[in-house]
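First residue of the sequence shown? That's 20 in the working numbering, and the numbers climb one at a time after it. Ideal Cβ positions, reconstructed from N, Cα and C, are used throughout, including at glycine. These figures come from a predicted structure and were not determined experimentally.
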Amino acid sequence: MPNFDHIKNWVFDLDNTLYPPRHKLFDQIDVNMTNFIMNYLGLPKKEAHVKQIHFYQTYGTTLNGLMEEHGVDPDEFLALVHKIDVSHIPPNVELREQLIRITEERDFNRRIVYTNGTRRHAINVMDALEITDLFDIIIGIRETKFVPKPHKEAFDSFFNMVDINPKTSAMFEDLPKNLIEPEKRGMITVLVQPAEVQHPDSRWAFNGDDTHIQYKTKDLTGFLKSVI
Ligand SMILES: [Mg+2]
């Protein structure tokens, strides 16, 4: 049984962590990003997709590549790529119950979302799940000055802003590389990765080394049920 007795801050990634990959939101975002590159750079779809993978692998995100190499306005990009349909996502009553339960008996405990997307995207998705009201703090890519996880600077910005002790905090993530920095800082690290799908993002990201991952679960709600 995992020991989370000392944990006061519960930090969750959003995409494919607070909801499962089977909802395929990333697929919609992925298509929007390809479309943006097609329009912005005047490229056919296939070449735009190759560019997109190059940006992601070289700069950590497609956005950073577009900003570095083409001076793209991040707001213009983010507004377009996060225009997605979330109407097929049902409320997650069980997750809601567990999120409440993990903190209810403890003073000063906090639930935090930290995403490489925007706050607006996070709220859009969490509204569908009916869990938005449970989060005290939502940190997105704009708040970390467009530097994404897994970069150290992104976590510097994150910790400066949220002002929490990493040693009393746990991080839940679906991408292994995004748990390297949290583990270095003393957070408990939990990889949330259902076996069902490897979305493109995690396929590109996985490097096989998982010594920085303390716990792995296929089911976030079930895992939360097992702690405390
Ligand atoms: Mg994610």
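Annotation: Phe23 is outside any alpha helix (DSSP H) and is labelled neither H nor E by DSSP. With 16 or more other Cβ atoms inside 10 Å of its own Cβ, Ile157 counts as buried.
In terms of Cα proximity to Leu198, the closest of Asn22, Asp32, Ile26 and Gly84 is Asp32. DSSP places Met190 in the strand class (E or B) of the three-state scheme. Taking a cut-off of 6 Å from the heavy atoms of ligand 1, the residues with a C-beta inside it are Asp32, Asp34, Asn35, Thr36, Asp193 and Leu194.
When DSSP states are grouped into helix, strand and coil, Lys235 belongs to the strand group. With contacts defined by Cβ atoms closer than 7 Å, Ile56 and Gln76 do not form a contacting pair.
Relative to the Cα of His101, the nearest Cα in the group Arg41, Asp34 and His89 belongs to Asp34.
In this structure, Ile121 keeps its C-beta atom at 7 Å or more from the C-beta atom of Ile232. In the structure shown, Phe177 falls within a helical segment according to DSSP collapsed to helix, strand and coil. Listed as beta-bridge partners of Leu62 by DSSP are no residues whatsoever. Within its own chain, the residues whose Cβ lies closer than 7 Å to the Cβ of Val211, once the five positions on either side in sequence are excluded, are Thr36, Phe191, Glu192, Asp193, Thr236 and Leu239, listed in chain order. Remark: three or more beta-carbon pairs, one from each stretch, lie closer than 8 Å, so the segment 100 to 120 and the segment 140 to 150 are flagged as touching. Unbroken beta strand (DSSP E) stretches of 3 residues or longer found wholly inside the segment 105 to 177: 129 to 133 and 156 to 158, given in chain order. Annotated three-state conformation of Thr36 is coil, per DSSP. Note that the C-beta distance between Ile160 and Ala189 is not below 7 Å. Taking each of Asp152, Leu99, Ile150 and Asp229 in turn and checking the Cα distance to Gly136, the smallest one comes out for Leu99. DSSP places Val100 within a helical segment (H, G or I) once states are collapsed to three.
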